[in-house]
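Colleague: Quick note on my numbering: the sequence shown kicks off at 55 and runs consecutively.
C-beta: ideal position from N, C-alpha, C; glycine also.
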Amino acid sequence: MGRDVMVVLRHLRSLRGAPAALRDRLRTHRSGPGDTHESPAQGSSSGAEQHPRPRAPRSLQSLRRLRAPHGPTGSRKRSPRPLPGLAPTPHPVARALGLIAVVLLGAWLGLLVVGSVHTSVGPMETRMALRPSLTGGTKIDVSPLGALELRSHVAPIRLDVDVDRLDPVRSEALVNHPERISGLQEEVASDVVNGTLNLAVRSCAAVVAGATALGLAVYRRPRRALAAGGLALALLAASGTAAYATWNPKSVLEPKFSGLLSSAPSVVGNARSIVSEFDVYQRELARLVTNVTKLYDVTSTLPAYEPDPSTIRLLHVSDIHLNPASWKIVSSLVEQYEIDVIVDSGDTMDHGTAAENAFLDPIEDLGAPYVWVRGNHDSRTTQRYLAKLKNTHVLDDGKPVDVAGVRFAGIGDPQFTPDRSTKAEGNPAEEVAGITLASSLRAQAAAGTPVDIAVAHNPVAARQTDGTVPLVLAGHLHHQEMDVLDKGTRLRIEGSTGGSGLRAVEGEHPDPVEASVLYLDRATQRLQAWDEIKLGGLGLTKAEVSRHLPKENQPGATPPTPSPDPRS
Numbered sequence: 055m056g057r058d059v060m061v062v063l064r065h066l067r068s069l070r071g072a073p074a075a076l077r078d079r080l081r082t083h084r085s086g087p088g089d090t091h092e093s094p095a096q097g098s099s100s101g102a103e104q105h106p107r108p109r110a111p112r113s114l115q116s117l118r119r120l121r122a123p124h125g126p127t128g129s130r131k132r133s134p135r136p137l138p139g140l141a142p143t144p145h146p147v148a149r150a151l152g153l154i155a156v157v158l159l160g161a162w163l164g165l166l167v168v169g170s171v172h173t174s175v176g177p178m179e180t181r182m183a184l185r186p187s188l189t190g191g192t193k194i195d196v197s198p199l200g201a202l203e204l205r206s207h208v209a210p211i212r213l214d215v216d217v218d219r220l221d222p223v224r225s226e227a228l229v230n231h232p233e234r235i236s237g238l239q240e241e242v243a244s245d246v247v248n249g250t251l252n253l254a255v256r257s258c259a260a261v262v263a264g265a266t267a268l269g270l271a272v273y274r275r276p277r278r279a280l281a282a283g284g285l286a287l288a289l290l291a292a293s294g295t296a297a298y299a300t301w302n303p304k305s306v307l308e309p310k311f312s313g314l315l316s317s318a319p320s321v322v323g324n325a326r327s328i329v330s331e332f333d334v335y336q337r338e339l340a341r342l343v344t345n346v347t348k349l350y351d352v353t354s355t356l357p358a359y360e361p362d363p364s365t366i367r368l369l370h371v372s373d374i375h376l377n378p379a380s381w382k383i384v385s386s387l388v389e390q391y392e393i394d395v396i397v398d399s400g401d402t403m404d405h406g407t408a409a410e411n412a413f414l415d416p417i418e419d420l421g422a423p424y425v426w427v428r429g430n431h432d433s434r435t436t437q438r439y440l441a442k443l444k445n446t447h448v449l450d451d452g453k454p455v456d457v458a459g460v461r462f463a464g465i466g467d468p469q470f471t472p473d474r475s476t477k478a479e480g481n482p483a484e485e486v487a488g489i490t491l492a493s494s495l496r497a498q499a500a501a502g503t504p505v506d507i508a509v510a511h512n513p514v515a516a517r518q519t520d521g522t523v524p525l526v527l528a529g530h531l532h533h534q535e536m537d538v539l540d541k542g543t544r545l546r547i548e549g550s551t552g553g554s555g556l557r558a559v560e561g562e563h564p565d566p567v568e569a570s571v572l573y574l575d576r577a578t579q580r581l582q583a584w585d586e587i588k589l590g591g592l593g594l595t596k597a598e599v600s601r602h603l604p605k606e607n608q609p610g611a612t613p614p615t616p617s618p619d620p621r622s
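1) Considering Cα atoms alone, identify which of R205, E485, D432, M536 is closest to D473.
2) Just to confirm my understanding: we take A296, look at its own chain, exclude 5 residues before and 5 after, and list those with CB closer than 6 Å. What are they?
3) Could you check whether the stretch 152-163 touches the stretch 276-290, counting it as contact only if at least three pairs of C-beta atoms, one from each stretch, sit closer than 8 Å?
4) With DSSP as the reference, label E392 as helix, strand or coil.
5) Restricting to runs no shorter than 3 residues, where is the beta strand (DSSP E) found entirely within the stretch 481-533?
6) State the DSSP-derived secondary structure class of R413, mapped to helix, strand or coil.
7) What would DSSP say about V157, mapped onto helix, strand or coil?
8) Apart from the five residues just before and just after A299, which ones in its own chain have a Cβ nearer than 8 Å to its Cβ?
9) Which residue marks the beginning of the alpha helix (DSSP H) containing Q582, and which one marks its end?
10) Which of helix, strand or coil does DSSP assign to I383?
11) Keeping to the same chain, check which residues put their C-beta closer than 6 Å to that of S380; ignore five residues upstream and five downstream.
12) Could you give the DSSP three-state label for S244: helix, strand or coil?
13) Here's a check: name, in chain order, each residue in its chain whose Cβ is nearer than 6 Å to the Cβ of P468, leaving out the five neighbours to either side.
14) So G169 and A260 are supposed to be a Cβ contact under 8 Å. How far apart are they, rounded?
15) Going by Cα to Cα distance, which pick from L527, Q582, I417 is closest to L491?
16) Please tell me whether Q579 and V427 are closer than 8 Å, where the distance is taken between their beta carbons.
17) Which residues in the same chain have their Cβ closer than 8 Å to the Cβ of S330, if we skip the five residues on either side of it in sequence?
18) Go to P186, then tell me how far its beta strand (DSSP E) extends in each direction, as first and last residue.
19) In three-state DSSP terms, what is R367?
20) With 8 Å set as the bound, which would you pick, yes or no: does the beta-carbon of T300 sit closer than that to a beta-carbon of chain B?
21) Per DSSP, which residues does G464 bridge with? Please list them.
22) Could you round the C-beta distance between T192 and L213 to whole angstroms and report it? I think they count as a contact, below 8 Å.
23) What first and last residue would you give for the beta strand (DSSP E) that runs through R544?
24) Identify, in the order they occur along the chain, each residue of the same chain with its Cβ nearer than 7 Å to the Cβ of L603, setting aside the five sequence neighbours on each side.
25) What span of residues does the beta strand (DSSP E) with T551 cover, start to end?
26) Closest to L253 by CA distance: which of G294, P276, L188 is it?
27) Using the C-alpha atoms, what's the distance from V272 back to G593?
28) Starting from T173, trace the beta strand (DSSP E) in both directions and tell me its first and last residue.
29) Rounded to a whole number of angstroms, what is the C-alpha to C-alpha distance between S174 and D245?
30) Apply the 10 Å Cβ neighbour rule to N481 and answer buried if 16 or more other Cβ atoms are within range, or exposed otherwise.
31) Does DSSP put V262 in a helix, a strand or coil?
32) What's the call for D394, buried or exposed, on a 16-neighbour Cβ count within 10 Å?
33) Run the CB neighbour count on G502, radius 10 Å, all protein chains shown included, and call it buried at 16 or more, exposed below.
34) By how many angstroms is the C-alpha of L368 removed from the C-alpha of P504?
35) Assuming contact is defined by CB atoms lying nearer than 8 Å, are G264 and V171 in contact in what I supplied?
36) Going straight from the alpha carbon of V538 to that of V509, what length do you get?
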C-alpha cells in the first residue's frame, strides 16, 4: 500500500499547474497508441465510435484501489463485525434447562440401549436394567404369569429384572427336591450382589456415553458434550446414593404380585412367623427364586399350592352388593389359597328383599365355612334365610361361635338403609351397637373363653371394641384399611368384593374387586401376615396381591406386647 501511495502522490504533483498536459495524455489514451498522427478534431469525432473505452491512468487506478474498501460498491468490502458486548446470547436459565434436558434424555437413551446386563440368579437367566422412576423399587417380570414388585428403595431409578429362561436341569432338580433351597440361599444372594455391581458399572458407562453423544450432536462442541456426560454420571451417582441410603431388605418379605390370579399364591408363597428365623432375608430371597422356578417348570403346569400347616388361612370379604360374579371369585380364592374359613362383614344384598334370597344359595358350595354378619343393606329376612343354609354361621348380639379353630363374635348393623319408613340414626346407633359388642367380649374373657376375632359391618361400631379383642373386622367403606387402635386392637376394613355391585358399571372405570387373605397362627390365633388382593373392575383373571406383615412380626422387631386385657 505504501508503494501505491507514493505513485499517486507523484502523479498528483505532475498534474499540478499542467492541465493541458493532462488533457493531451487523456486524448492520447482514448485514441490509442496507433493513432498518434490523427488530428485532435478527428480523434474527438471518431475515436468513440471506432475504439473501446481506454483504461484509466495508473495513478487513477491506484487511487480507486485505495478508495474501493470504503466505497459502497467496492469488491473488497467486508461486513462489519458486531461488538462483543452487543452479540445476542441465550438466557442463563434457558441454557441450564437445555443442558439438563440433554443430560436426562441422553442418560435415558444410554440406559435403554446399552444399560442392561445378563446374569444368572440361581437356576434363572435374568436381564437386569436400571430405568428412570418416580418411586424407585424393584420389579421382577415373570412373564407371562405376571410381575413381582418390591419396595426395595426410594430413588429416581428402578431396578428391572426380567426372567429370560431357566436352566432345565437345575430347575427340575429344585422342583423335585424342595429341601435344596437351604443350599440355594448363599448362591442366590451372591448372584444378586455380583449382578448389581456389574449393572452399576455398565450403567455408569451407558449414561456417560449417551449424554456425551447427544451433547455432541446438539452443541457440536466437545467441551459442552463432556460436561453433559459428567453431569449424567453425577446424576446417576446421586441416585445410587439415595437408593443405598433407603435400601430396605425387608421388601422381600412383603412383595406385590400383579398377574394371573392362579399364580399369586405360588409366587408370593406361604406366610409364617419369621420373627426368630436366622438369615431371614436370604431365606426369603431364595424362596422367591424357588417359587418363580416352579412356575417355569418344564411340565408347563402350575404347581399345587402347599400352605404352611402352622397357619389358619382366613378369607375376608365384604360389600358384595348382589354381584353374582363375586361367588366365582370367592370360590377361586378358596381353591387357590386353600382357605380354612370365610368371613363376610356384611352388605351382601342391595335391598334385602325376599326376592334376593336365592342369590345366597352358592354359599353352600364355596368349599369353606361361611361366617356372616348383617350390614346396613341386609334385612332380618336376609339373616333368617342365610342362617338356614348349610355350612353358614350368622353372628349377632355378641354371641360367640367357634369355626375352624377360631372363636368369633359379632353384631349385626342396627340400621337398614333401604327402609325409607324409618329415619336413619347415623353414627350414634353404630356406637351403641359397638358398645354392646364390647360388653359381650369382656364377658367372654371373664368366663375364660376369650374371643379371637370380632366382626361388625360399620367401622364406627368396630372401633368401640378397642382393648377387648386382638382383631376386629369391618367393611362398609368400600376400600381397604389396616389400623392399630389406641389400646392395641387391630382393625381391618375390607373393600368391596362385589366391586360396589351393579353400581360398578355406572362410572367410566369400574371399582376394583377387593378381598384379603389373613394368616393366623394356629396355636395362638394371632395375625401373622395378610395379602391384599385387588382384581380389575369386574375382572376375573388378573390380580394384584400385596403381602404385608404386622410390625411386631417383622425381623428385628421387639417382642409383641401382651394382647389387650378384655376386662380393662
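Modeller: Judging by the given coordinates:
1) D432
2) A209
3) Touching, per the Cβ criterion.
4) coil
5) 507-510, 525-528
6) The residue asked about is misnamed: residue 413 is Phe in this sequence, not Arg. Here F413 sits in helix by DSSP.
7) Looking at V157 - three-state DSSP - the assignment turns out to be helix.
8) Within its own chain, no residue has a Cβ closer than 8 Å to the Cβ of A299 once the five positions on either side in sequence are excluded.
9) That residue, Q582, is in no alpha helix (DSSP H); its beta strand (DSSP E) goes 581-589.
10) helix
11) I374, T551, G552
12) helix
13) A distance below 6 Å between beta-carbons, with the five flanking residues on each side excluded, links P468 to the following residues of its chain, in chain order: A483, A487.
14) 4 Å
15) L527
16) Their beta carbons are not under 8 Å apart, which means Q579 does not touch V427 by this criterion.
17) Interpretation of S330 is limited by its pLDDT of 36, a score under 50 that renders its predicted location unreliable; the figure taken from the coordinates is listed afterwards. So the list is empty, once near-sequence residues are dropped.
18) 178-186
19) Three-state result, R367: strand.
20) Within the model displayed, chain B is absent; a lone protein chain is all it includes.
21) V509
22) 4 Å
23) 544-547
24) L307, E308, A583
25) That residue, T551, is in no beta strand (DSSP E); it is neither H nor E in DSSP.
26) G294
27) In this predicted model, G593 has a pLDDT of only 43, less than 50, meaning its place in the structure is not dependable enough to derive any value.
28) 170-175
29) 7 Å
30) N481 should be labelled exposed.
31) In this structure, V262 counts as helix in the three-state DSSP scheme.
32) buried
33) Here G502 is exposed. Its C-beta has fewer than 16 other C-beta atoms within 10 Å.
34) 19 Å
35) The criterion of a C-beta distance shorter than 8 Å is not satisfied by G264 and V171.
36) 15 Å
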